[in-house]
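S.K.: Here it is: the structure, laid out below.
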Amino acid sequence: MGEINFNNKVINSTKWSALTEVISRLVGPIINMILARIIAPDAFGVVVTVTMIISFADMLSSAGFQKYLIQHEFKDNEEKFKHTNVAFISNIAISLFLWGTIILFSEQIAVMVGNPGLGNVIAIASIQLPLTAFSSIQMALYRRDFDYKTLFIVKMVAICIPVVITIPLALLGLSYWSLIVGTISMHIFNAAILTIKSKWKPKWLYDIGILKEMFSFSIWSLIESISIWLTLWVDVFIIGSFLNEYYLGLYKTSTTMVNALMALVTASVIPILFSTLSRLQNDETEFKHMFYRYQRIVAYLILPMGFGVFLYSDFATSMMLGNQWYQAGGIIGIWALTSSLVITTSHFNSEVYRSKGKPQISFISQLISLSIIIPACLISINYGFWALVYTRALIRLESIATGFIIMKTYMNFQVMQTINNISKPFIFTLVMCLIGILLKQLADSVYWIIISIFICATVYIVLILLFAKEDINIAKRVVKRIR
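Structural data, given as C-alpha cells:
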C-alpha cells in the first residue's frame, strides 16, 4: 500500500512539475519580448550585471544544503526539522554577511564588473540574497515531499509579477529599476507563500555537528556549481569589464532568448531521460538504446530550430525583441546554430554520467571547457565585441569533441554510432536550409519570409514522413512517456 501511495505521489508531482515547466517556458519569453520593446538594451545590461553578482553570492549562501535535505534519509520529522533549522539559519547568516559585504564594497564591485556608478543599484538589488535564502530551504522540503502543486502556485505568482509590476513600471519609464523591483517583489511573494503553507516553521535551534555533517556532504556540489557558474558567466564578466552595459544587455538578452527557445524541447525531455536511464543503468544494451532514441528525437526538433533561426536571424530578432535590438541578429543567429549542434551531440552526456553515479566526470568536463573559454574570450575581446561573440559561440563546439572523447573512454559510447544516430535529422535540416537559401534570393519582404519559412518547414516534415517512419513511431512513444 505504501509503495502504491509513493508511486501516486511521484505521478502527481510529475504532472504538476511538467505543467509548471511548460507554462513558465512559454510565458517567460513572451514577457521578455514585451519588455524588450519597452526597455533599452543598456538597461538590460545593468540588470545582467546585478544578476551575475547576486547569482554567485546566492550560490555561496545556499552551500548545497537544499540537495542534502532532499536526498538524505532522516529517522523522523524531528531529525529532519533539526537539520532544516540548521540549514535555514546558516543560509540566512551567510546571505546577510554577503549582502553586507556587497553594500560595503558596492562601488568597488561596480567598477570591477565594468559599471562604475552603479554601486547603490547593486547594493539595493542584493536584498534578494536574504529573501532567496529564506525561501530556498523551504522549497527543498516541498520537493522532498513531492508537493509540486504548491511550487506550481509559487511559479504562477512569479509569472504574474512582471505583468502587474515590472511592465507597468517600465511603461512609466523606470528602466532597469522596473526589472529590479519586479524581481524583489517576486522573492517577497515567494517567501510569504512558502512560509504560510509550510508545515515547518523556523526556530532558533542550531547544532555545529549537524552543520559539519551537511557541509561535508555538500562541498562537492558547491564546487561543481561554481564551475557551472563560471562557464555561464565568464563571458558576461569579460564584456562588462571591457565594454559598456549596452553590449552587455545586447549579448546576454540575445543568448537568453535563444536558450529559452531551445528549452521548450530540452526542459521536457531531460527529467524523463535521467529517470529512465537511472532505471536502466545495469542493462548496458538497453541503456544505450534508450539514450540514442531520445537523442535522435531531440535532434529532429532542435536542429531545424537552430539552423532556421540562424538562416532567418534578422526576422527572428525582430519577432522576439523588436526593431531597437536589430544588432542582436548576429548574436541570436550564431548562438542558435551552435546551440542546436551542442544540444544534439553533447548536451545529454551529463545525464549519462549522473545516471551511472559518476557526476565527477561532468565536473571534469566543465573544467576542460573553462580552460579553453577563459583565454579565448580574453584574447578575442581585444579585437572588439563581435570578435568575442563569434569566438564564444564557436568555442562551444569544443564540448562536442570533449564529449565524444569522454563518452567513448568512460562510457563506451562509439563516436560513429552517435553520428549515425543523428544523421537523418541533420541531412533533412541541410536540405531544408538549402531550399531556404534559394527562397531568400527571390524576395526580401516580410510576407515572403513568412511564406518561405512555411515552405521550409513543410519540406522538412515531408522528408521525415517519407524517410523516417520508424522514428515517428519512436517519437510517439517518447511523447506518451513524457505525458
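In the numbering used here, each residue carries its 1-based index in the sequence shown increased by 870. Glycine included, C-beta positions come from ideal geometry on N, C-alpha and C.
1) Cα separation between I1356 and A1040?
2) Between the Cα of F1218 and the Cα atoms of L1143, Q1197, M1286 and E1268, which residue gives the shortest distance?
3) Whole angstroms is fine: what's the gap from Q1194's alpha carbon to L1134's?
4) Would you check if the segment 1096 to 1113 and the segment 963 to 975 touch, i.e. whether three or more CB-CB distances between them fall below 8 Å?
5) If you draw a straight line from the C-alpha of Y1164 to the C-alpha of K1226, how long is it?
6) On the CB-based measure, 16 or more other CB atoms within 10 Å of its CB, does E949 come out buried or exposed?
7) Within the same chain, show all residues whose beta-carbon is closer than 7 Å to that of L1075, passing over the 5 residues directly before and after it, in chain order.
8) Just the Cα atoms here: how many angstroms apart are I964 and M1056?
9) Identify whether V1135 lies in helix, strand or coil by the three-state DSSP scheme.
10) What's the C-alpha gap between M982 and S1111?
11) Whether or not the segment 1194 to 1210 and the segment 1225 to 1245 are in contact is what I'm after, with contact meaning three or more pairs of Cβ atoms, one per stretch, closer than 8 Å; do they touch?
12) Using the C-alpha atoms, what's the distance from V1128 back to F1180?
13) Do D928 and Q1008 have their CB atoms nearer than 9 Å?
14) Drop a sphere of 10 angstroms on the beta-carbon of L1304, count the other beta-carbons inside from all chains shown, and report buried for 16 or more, exposed for fewer.
15) Mind checking which residues open and close the alpha helix (DSSP H) that includes E977?
16) Applying the criterion that 16 or more other CB atoms from any shown protein chain within 10 Å of the CB defines a buried residue, is W1205 buried or exposed?
17) Extract the residue ranges of the alpha helix (DSSP H) inside the segment 1164 to 1235, only unbroken runs of 4 or more that lie entirely within it.
18) Between which two residues does the alpha helix (DSSP H) harbouring I1037 extend?
19) Does the Cβ of P1000 have 16 or more other Cβ atoms within 10 Å, making it buried, or fewer, making it exposed?
20) Hey, T1036 and S1048: beta-carbon distance below 9 Å or not?
21) Have a look at A957 and I1319 and give me their C-alpha separation to the nearest angstrom.
22) What number of angstroms, rounded off, separates the C-alpha of P1245 from the C-alpha of T919?
23) Buried or exposed: G872, going by 16 or more other Cβ atoms within 10 Å of its Cβ?
24) Which runs of the alpha helix (DSSP H) fall wholly inside the segment 909 to 979 and span at least 4 residues, in chain order?
25) Return the residue from the list M903, A1028, I904 and I1108 that minimises the CA-CA distance to N985.
26) Ordered along the chain, which non-local residues of its own chain (more than five positions away) have a Cβ less than 6 Å from that of V1316?
27) In angstroms with no decimal places, state the Cα-to-Cα distance between I1334 and N1343.
28) Which two residues bound the contiguous alpha helix (DSSP H) that contains K1310?
29) Rounded to whole angstroms, what's the CA-CA distance from L1113 to L1258? Just pull it up for me.
30) Does the separation of the CB atoms of V826 and T1214 fall below 9 Å?
31) Within this structure, are the beta carbons of I962 and A1010 separated by less than 9 Å?
32) Below 7 Å CB to CB, which residues in the same chain sit around K1339 once its five sequence neighbours on both sides are set aside?
33) Would I1292 be called buried (16 or more neighbouring beta carbons within 10 Å of its own) or exposed?
34) In chain order, what are the residue ranges of uninterrupted beta strand (DSSP E) at least 3 long that sit wholly in the segment 1048 to 1121?
35) Just to confirm the assignment, what range does the alpha helix (DSSP H) spanning N990 have?
M.R.: Once the coordinates are examined:
1) Only positions 871 to 1353 of the chain appear in the structure, and residue 1356 is not among them; the question remains open.
2) L1143
3) 25 Å
4) no
5) 17 Å
6) Residue burial annotation: E949 is exposed, with fewer than 16 other C-beta atoms found within 10 angstroms of its C-beta.
7) Here the set comprises K952 and N955.
8) 21 Å
9) helix
10) 7 Å
11) no
12) 11 Å
13) no
14) exposed
15) S976 to M982
16) buried
17) 1183 to 1190, 1198 to 1212 and 1219 to 1225
18) I1037 to L1041
19) buried
20) yes
21) 55 Å
22) 21 Å
23) Because the pLDDT at G872 is just 49, under 50, the model does not fix this residue reliably, and the value given afterwards should be weighed accordingly. With fewer than 16 Cβ atoms within 10 Å of its Cβ, G872 is classed as exposed.
24) 911 to 932, 935 to 941 and 947 to 974
25) For the residues M903, A1028, I904 and I1108, the minimum Cα distance to N985 belongs to I1108.
26) none
27) 11 Å
28) S1293 to K1310
29) 11 Å
30) For the chain, the structure presents residues 871 to 1353; residue 826 sits outside this window and is missing.
31) no
32) For K1339, where only same-chain residues beyond five positions count, there are no Cβ hits under 7 Å.
33) When all chains shown are included, I1292 counts as buried.
34) none
35) G989 to A995
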